[in-house]
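Quick note: our numbering has the sequence shown finishing at residue 1185, numbered continuously throughout. Think of the CB as a built atom: it goes at the ideal place given N, C-alpha and C, for glycine as much as any other residue. Notes for the one structure printed next.
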Amino acid sequence: MDIEAFRKAGYQAIDRICDYYASLQERPVVSQVQPGYLLDALPSSAPEHGEQFDLIADDFQKLILPGITHWQHPNFFAYFPTASTFEGLLGDLYSSSVANPTFSWLASPACTELEQVVMDWSAKLFGLGDQFQNHSGVGGGVIQTTASEGLIVICVAARARYLRQNPDAKLEDLVIYTTTQTHSLGVKAGLVLGLQVRALEVKKENEYGLRGEDLRAALEEDHARGKRPFIVVATVGTTNSGAIDYLEEIGEVLKAYPSIWYHVDAAWAGVALACPEFRPLEKLDAINQYAESFCTNFHKWGLVNFDASGLWVRNRRDLIDALDVTPEYLRTKQHDAGLVVDYRNWHLGLGRRFRSLKIWFVLRSYGVEGFQAHIRKGVELNKHFVSLVRASPDFELVTTPSLALSVFRLRLPSTSTLSPDSAEGLAALNDLNRALNLRLSVDNDKIFITQTMLNGMICLRFAIGAQRTEKEHVDRAWDLIKQCATEMVGEWTKNHQV
């Protein structure tokens, strides 16, 4: 493909992308294909001779789009939103046009220095202190692929620091602390690094947040058994319910354990720190006072296309000491003189993408006010959804709504003689809500939500945050939820002869 052919294909691609977004609301939210559809449709080997690009582009429309679940759909309320803005999309395009691995400052100075700039912009946007900013020369921010990979990076750094400070410690005794509500990234880090993970129990009466007293008890118990907890992973906005751990209490407990790393994962909720009114809820003061690292994903609720996960550390030396790999062929006079940041020593890989460009495009295009408006819109839409749930006698909220996330469930029919607090009642409730989720998410193509389990309770999650979601979409989703619930209750009542 020469320049003119690329120009023509590029125009066509932009037109088709615009058509896709213009028609998004009319498409099924969840892909309707069956397993193996694409495997059967495509040949088993690459073509021997090159094909016309028009045919390739047409096959994207014909074969690929039907197999896409549309995360940017205004009726997508599952998991958490994933951002896709035109600014971010163009940032990806421009960054691909100057493709390079950016493993050192010299490989492309703009790639490194723009990342330093946008991570400091973002730290200020979220209210993170100077200690987390690159200009401090001590701490700083770096873009990771995901929060999961970011935690693996932090665990590597925390392990290395702990072993330096405690040379008598054995690897088999090291323990990663999470909670029973922590995202599976904690377990994944343990699997990758071959380390034990202990999930500390959290309670409903504490809104599923980890209390300091429970952390202290676990630390004392493990130390008595010869175990060595070396990192505590706290969460601001858990995946299950949006719970927030008691960050101040955790920080105070860890004062007695200076070798233990304190990481705060705010993969979904952290971008709400852009709005000052949400900072007390999300314990910003505690993050700035106690946390040694903090992570949030721009690519969820933060308007930047996947992948772009922000990770900030209080002391960059902890990353570099654990991950520095500088063979002779990567040495530069700028690095040796200590004049530049080489981000390859801040993450797992050697090469890395030019992700800062799309964050730069988004922040410049939206500005602080536009970014804040996007977050506030999601929170207000969730407040509206909460009002609908509370007004219905057939449903109940299971936890306190968290920003743009609500967790709720269908109640037992009013004619049921079962107590929802009994084992039989809980089992019946769980069966009923599993069936409702199945009907909503599999047996229709209008909305997409997901279920979760909170201490034995099956609940439904309603996560708002897609850029194109409006009040009308929330209302229609609620109407569909009520309709499916009515059908489910009718079938359940008939089957149980209540």
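What do you reckon, are the CB atoms on residue 919 and residue 941 nearer than 8 Å?
Yes.
Mark residue 933 as exposed unless 16 or more other C-beta atoms lie within 10 angstroms of its C-beta, in which case mark it buried.
The residue in question, residue 933, is buried, as its Cβ has 16 or more Cβ neighbours within 10 Å.
Quick check on the DSSP output: the beta strand (DSSP E) that includes residue 1093 runs from which residue to which?
First-last of the beta strand (DSSP E) with residue 1093: 1092-1097.
Check whether the Cβ atoms of residue 1034 and residue 791 lie closer than 8 Å to each other.
Not closer than 8 Å, so no.
Would you tell me roughly how many angstroms separate the C-alpha atoms of residue 1065 and residue 1151, rounded to the nearest one?
Approximately 6 Å, taken between the alpha carbons.
State buried or exposed for residue 694, treating a residue as buried only when at least 16 other CB atoms are found within 10 Å of its CB.
So residue 694 ends up on the exposed side.
Using three-state DSSP, classify residue 1138 as helix, strand or coil.
It is a strand residue.
Can you tell me whether residue 712 is buried or exposed? The criterion is at least 16 other CB atoms within 10 Å of its CB, across all chains shown.
Counting Cβ neighbours within 10 Å, residue 712 comes out exposed, since fewer than 16 surround it.
So what does residue 1147 bridge to, in DSSP terms?
Partner(s): 1095, 1138.
Between residue 703 and residue 752, what straight-line distance do the alpha-carbon atoms span, to the nearest angstrom?
Spanning the two alpha carbons is a distance of roughly 11 Å.
Since I believe residue 1081 is in contact with residue 1172 (beta carbons under 8 Å), could you give me their beta-carbon distance rounded to a whole number of angstroms?
Sure, about 6 Å apart at Cβ, within 8 Å.
Just verifying my parser: in three-state terms, what is the DSSP assignment at residue 850?
Three-state DSSP puts residue 850 in a helix.
Which of the three DSSP states, helix, strand or coil, is assigned to residue 1183?
In this structure, residue 1183 counts as helix in the three-state DSSP scheme.
Using C-beta distances below 7 Å, list every residue in its chain close to residue 947, excluding the 5 sequence neighbours before and after it, in chain order.
Only 916, 917, 918, 919, 941 meet the Cβ criterion.
Verify whether the separation of the beta carbon atoms of residue 871 and residue 1094 is less than 8 Å.
Not in contact: residue 871 and residue 1094 (Cβ atoms no closer than 8 Å).
I want to know whether the segment 772-790 touches the segment 1089-1104 - three or more CB-CB distances under 8 Å.
No: fewer than three Cβ pairs fall under 8 Å.
Would you mind working out which of 1092, 976, 1085 sits nearest residue 1143, comparing C-alpha positions?
Answer by Cα proximity: 1085.
When the Cα atoms are used, what is the spatial distance from residue 969 to residue 911?
Whole-angstrom Cα-Cα distance: 33 Å.
Go through the segment 810-874 residue by residue and report every complete run of the beta strand (DSSP E) that reaches 3 residues or more, in order.
Runs found: 827-831, 861-866.
Can you grab the Cα-Cα spacing for the pair residue 1083 / residue 984, in whole Å?
Going by the C-alpha atoms only, they are around 30 Å apart.
Using 8 Å as the threshold, is the C-beta distance between residue 867 and residue 884 below it?
Not closer than 8 Å, so no.
Got a sec, what are the start and stop residues for the beta strand (DSSP E) residue 939 sits in?
Per DSSP, residue 939 belongs to no beta strand (DSSP E); it is in the alpha helix (DSSP H), 934-941.
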